[in-house]
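*Asks:* What follows is a structure written as structure tokens; I'll ask about it next.
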Amino acid sequence: MKKVSLSLSSGRAALLVYGLMLVLLVADQITKWWTVRYLPFAIPQPALEPWLYFTHVHNDGAAFSFMRGQRWPLSLIALGVAVWIIVYERRLKQRHPLHLTGLACILSGALGNVIDRVRLGYVIDFLDLHYGGRNIWPIFNVADICINLGVALLILYFWLYPDTETPAEADSTSETADNPDTAPPDEETLTQA
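The structure is reproduced here in structure tokens:
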């Protein structure tokens with residue numbers, strides 16, 4: 015397996031993942047608080063006219079209103095993703111900042127939207143893209159940006175470092191090396207045969 019040249023210690027990796035996750039989560043929650051406090055419901059307010067409007071809406075589904083009204087299943091899926099990311103991060107052998115930043119972004123986005131779903135039954139969205147005087151994309155929020163940015167960073171990381179070990183591969187490699195029955199034969203054994 016190809017070794018990633020820039021790898022953080024487990025302590026620095028945790029600081030990056032959970033510190034960045036916390037900053038992004040707070041930013042998401044502050045922007046949602048601001049939306050509820052200052053924006054009228056469902057009335058577009060110009061921000062960067064004519065492209066960006068702030069439009070306070072509630073989304074009781076996932077992206078593109080997929081799974082509308084499925085508050086608890088969506089919450090459980092998001093919590094499952096969050097737990098998986100935490101376990102995955104702890105088991106990483108190579109801790110590259112790009113990889114960790116992607117994980118932190120996805121984790122913050124998942125938790126930001128699950129907080130809304132559990133607390134309110136819906137997600138607060140407000141970023142509204144327009145072109146030619148029309149809405150061109152579903153209204154979204156900071157948590158959604160974090161999730162998409164995180165996925166893009168992970169794609170970039172695995173494209174730049176395609177031979178990087180994943181935790182599962184690293185575990186199977188260490189198990190093989192520790193068990194002489196399953197370890198590959200060394201050069202001396204091969205020459206004796």
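Taking the numbering used here, the leading residue of the sequence shown gets 15, the next gets one more, and so forth. In this text, a Cβ means the ideal position worked out from N, Cα and C, and glycines have one as well.
#1: In whole angstroms, give me the CA-to-CA distance for tryptophan 173 and serine 89.
#2: Distance check for alanine 157 and alanine 27, CA to CA, integer angstroms please.
#3: Where does the unbroken beta strand (DSSP E) through tyrosine 175 begin, and where does it stop?
#4: Span of the beta strand (DSSP E) holding isoleucine 138?
#5: Are the CB atoms of glycine 135 and arginine 85 nearer to each other than 8 Å?
#6: Taking the continuous beta strand (DSSP E) assigned at histidine 72, which residues delimit it?
#7: So, at 6 Å on beta carbons, what are the nonlocal neighbours of alanine 118 in its own chain, with the 5 sequence-adjacent residues on each side left out?
#8: Which residues in the same chain have their Cβ closer than 7 Å to the Cβ of asparagine 127, if we skip the five residues on either side of it in sequence?
#9: Go ahead and pull the three-state DSSP assignment for alanine 76.
#10: Taking all protein chains shown into account, decide if proline 111 is buried (16 or more other Cβ within 10 angstroms of its Cβ) or exposed.
#11: Closest to glycine 121 by C-alpha separation, out of Gly164, Gln59, Asn149, would be which residue?
#12: Name the residue from Trp65, Gln108, Gly147, His113 whose alpha carbon lies nearest to the alpha carbon of alanine 166.
#13: From the DSSP secondary-structure annotation, give me the bridge partner or partners of leucine 39.
#14: From valine 97 to valine 132, what does the alpha carbon distance come to, in whole angstroms?
#15: Can you tell which of Gly94, Gly147, Tyr171, Tyr52 has its C-alpha closest to the C-alpha of valine 71?
#16: Between glycine 25 and tyrosine 175, what straight-line distance do the alpha-carbon atoms span, to the nearest angstrom?
#17: I'd like the list of long-range same chain contacts for leucine 141, defined as Cβ closer than 6 Å, with 5 residues on each side in sequence excluded.
#18: For glutamate 103 and glycine 146, what's the separation of their Cα atoms in angstroms?
#19: So for arginine 133, helix, strand or coil by DSSP?
#20: If we ignore side chains and look at the alpha-carbon of each, how far apart do alanine 77 and isoleucine 159 end up?
*Replies:* So, from the listed chains and residues:
#1: What you label residue 173 is simply residue 159 of the sequence shown in a count that begins at 1. What you label residue 89 is simply residue 75 of the sequence shown in a count that begins at 1. Straight across, the Cα-Cα distance linking tryptophan 173 with serine 89 is about 30 Å.
#2: Looking up residue 27 in the sequence shown gives position 13. Looking up residue 157 in the sequence shown gives position 143. Looking at the two C-alpha atoms, the distance is approximately 21 Å.
#3: Walking along the sequence shown from the start, residue 175 turns up at place 161. First-last for tyrosine 175: undefined, no H or E at that position.
#4: As a first step, residue 138 must be located in the sequence shown, where it is residue number 124. Isoleucine 138 -> beta strand (DSSP E) spans 137-145.
#5: Residue mapping note: residue 135 aligns to position 121 of the sequence shown, counting from 1. Residue mapping note: residue 85 aligns to position 71 of the sequence shown, counting from 1. Cβ atoms of glycine 135 and arginine 85: closer than 8 Å.
#6: The sequence position of residue 72 within the sequence shown is 58, counting from 1. Start and end: 66-73.
#7: Sequence index remark: in the sequence shown, residue 118 carries index 104 (1-based). Closer than 6 Å at Cβ, skipping near neighbours: Val31, Leu34, Met35.
#8: Your numbering for residue 127 matches position 113 in the sequence shown. Closer than 7 Å at Cβ, skipping near neighbours: Ala92, Val137, Ala157.
#9: Translated into the one-based positions of the sequence shown, residue 76 becomes position 62. Of the three classes helix, strand and coil, the one that applies to alanine 76 here is coil, per DSSP.
#10: Along the sequence shown, read from residue 1 onward, the residue named residue 111 stands at position 97. So proline 111 ends up on the buried side.
#11: Here the question's residue 121 lines up with position 107 in the sequence shown. Note that residue 121 is leucine in the sequence shown, not glycine. Ranked by Cα distance from leucine 121, the options Gly164, Gln59, Asn149 are led by Gly164.
#12: In the sequence shown, residue 166 corresponds to position 152, counting from 1. Nearest C-alpha to alanine 166: His113.
#13: In the sequence shown, counting from the first residue as 1, residue 39 sits at position 25. In DSSP, leucine 39 forms no bridge with anything.
#14: Within the sequence shown, numbered from 1, the residue matching residue 97 stands at position 83. Within the sequence shown, numbered from 1, the residue matching residue 132 stands at position 118. Answer to the nearest angstrom: the Cα atoms are 17 Å apart.
#15: Walking along the sequence shown from the start, residue 71 turns up at place 57. For the set Gly94, Gly147, Tyr171, Tyr52, the Cα lying nearest the Cα of valine 71 is the one of Tyr52.
#16: One-based indexing of the sequence shown puts residue 25 at position 11. One-based indexing of the sequence shown puts residue 175 at position 161. Rounded to the nearest angstrom, the two C-alpha atoms are 22 Å apart.
#17: Position 127 of the sequence shown, counting from 1, holds the residue named residue 141. Within the same chain, Phe154 come within 6 Å of leucine 141 by CB-CB distance, once the 5 residues on both sides are set aside.
#18: Your numbering for residue 103 matches position 89 in the sequence shown. Your numbering for residue 146 matches position 132 in the sequence shown. Between the C-alpha atoms of glutamate 103 and glycine 146 there is a straight-line separation of about 43 Å.
#19: Numbered from its first residue, the sequence shown carries residue 133 at position 119. In this structure, arginine 133 counts as helix in the three-state DSSP scheme.
#20: Mapped onto the sequence shown, residue 77 falls at position 63. Mapped onto the sequence shown, residue 159 falls at position 145. Going from the Cα of alanine 77 to the Cα of isoleucine 159 covers about 12 Å.
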